[in-house]
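2 protein chains.
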Amino acid sequence: MRADIEVIELDKKFQRFAEHWHPKIVAELNNSYVKIAKLKGEFVWHKHDDEDELFWVTAGHLVIKLRDRDLSIGPGQLVVIPKGVEHMPVAAEEACVVLLEPKSTLNTGDVESDRTVDAEWI
Amino acid sequence: MRADIEVIELDKKFQRFAEHWHPKIVAELNNSYVKIAKLKGEFVWHKHDDEDELFWVTAGHLVIKLRDRDLSIGPGQLVVIPKGVEHMPVAAEEACVVLLEPKSTLNTGDVESDRTVDAEWI
């Protein structure tokens, strides 16, 4: 736990980076991270064997493809993808998303690739 | 885990109840609940011995009093109160807040009182 108790202004944090698909850590609690990410285009199909993952859209629009249907998520909406469920996030235009997931979670889940990145604090 | 993967629209969930200081569960992940609450007035001083707690304000304005200072939190801002830190939420006018905390978390932490309530799904 970082020592200071800090009020986090999400808009200001989003303004501090531009790259897509590189989640940044803004807070930690109970062995999980709150991350923010800008998403645009298609990601990769993957799943997280042991971790549920929350997506909360704050701007733009995100589609999370599941194997049997698509989830459409706009500002003020959130969804939890349970562990083990294959999914692929897609954003036609840039979407700003808040993620909540255990510290152990890798962005590409069980599929390590050139899209795999370490999240860093911002 | 509830079986279905559901996109949760926070505004609609907030419209479904009016009472203050009665958190409602809207999602679960990794042994934690995402809860929403309407807060107005003063709560009680308390702490959570084993659980960090996230407050994310979506409407209105929340003050979280700490023993040494006040945190002021508006829409689009969030704060994590680490385990063991005494705090008292106060909202001069109604504030809509999203909470993230372990399933074991009691709203009044270590201080059971008539303000203690069980969260229920909404």
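Heads up: the sequence lines are chains A and B, in that order. Its first residue numbered 16, the first sequence is counted upward by one per residue in our numbering. Its first residue numbered 16, the second sequence is counted upward by one per residue in our numbering. All C-beta atoms, glycine included, are put in the ideal place defined by N, C-alpha and C. Here the structure is a predicted model, which means the values were calculated and not measured.
| query | result |
| --- | --- |
| Show which residues of chain B have a CB atom less than 7 Å away from the CB atom of G91(A). | E24, L25, D26 |
| Would you call L81(B) buried or exposed, if buried means 16 or more other Cβ atoms sit within 10 Å of its Cβ? | exposed |
| Taking only the alpha-carbon atoms, compute the straight-line gap between Y48(A) and K118(A) and give it to the nearest angstrom. | 6 Å |
| Between the region 42-61 of chain B and the region 86-94 of chain B, can you find at least three pairs of beta-carbon atoms closer than 8 Å? | no |
| Taking S139(A) as the query, report the chain B residues whose CB atoms sit under 7 Å from its CB, ordered along the chain. | Coverage of chain A is limited to positions 16 through 137, which leaves residue 139(A) absent and any answer about it impossible. |
| May I ask you to report which of helix, strand or coil DSSP gives Q92(B)? | strand |
| Would you verify that the beta carbon of D67(B) is, or is not, closer than 9 Å to some beta carbon of chain A? | yes |
| When the distance is taken between beta carbons, is V95(A) closer than 9 Å to E127(A)? | no |
| What is the DSSP secondary structure of K39(B), counted as helix, strand or coil? | strand |
| Would you report the Cα separation of R84(A) and W60(A), rounded to the nearest angstrom? | 14 Å |
| Excluding the 5 residues flanking D19(B) on each side, which residues of the same chain have their C-beta closer than 8 Å to its C-beta? | none |
| Quick one: Cα of K98(A) to Cα of K62(A), how far? | 7 Å |
| Say whether chain A places a C-beta atom closer than 9 Å to the C-beta of L121(B). | no |
| Leaving out the 5 sequence neighbours to the left and right, which residues in its chain are closer than 6 Å to A134(A) when beta-carbon positions are compared? | P38, I40, K50 |
| Which value, in whole angstroms, describes the spacing of the CA atoms of T120(B) and H76(A)? | 32 Å |
| Taking C-alpha atoms, which residue in P104(A), K53(A), E101(A) lies nearest to A33(A)? | K53(A) |
| Enumerate in chain order the residues of its own chain whose CB-to-CB distance from R31(B) is below 7 Å, with the five nearest sequence positions on each side excluded. | I137 |
| Helix, strand or coil, according to DSSP, for R17(B) in the structure here? | Because R17(B) sits at a pLDDT of 49, beneath the cut-off of 50, its placement in the model cannot be relied upon, and the following sentence gives the value as read from the coordinates. Correct three-state label for R17(B): coil. |
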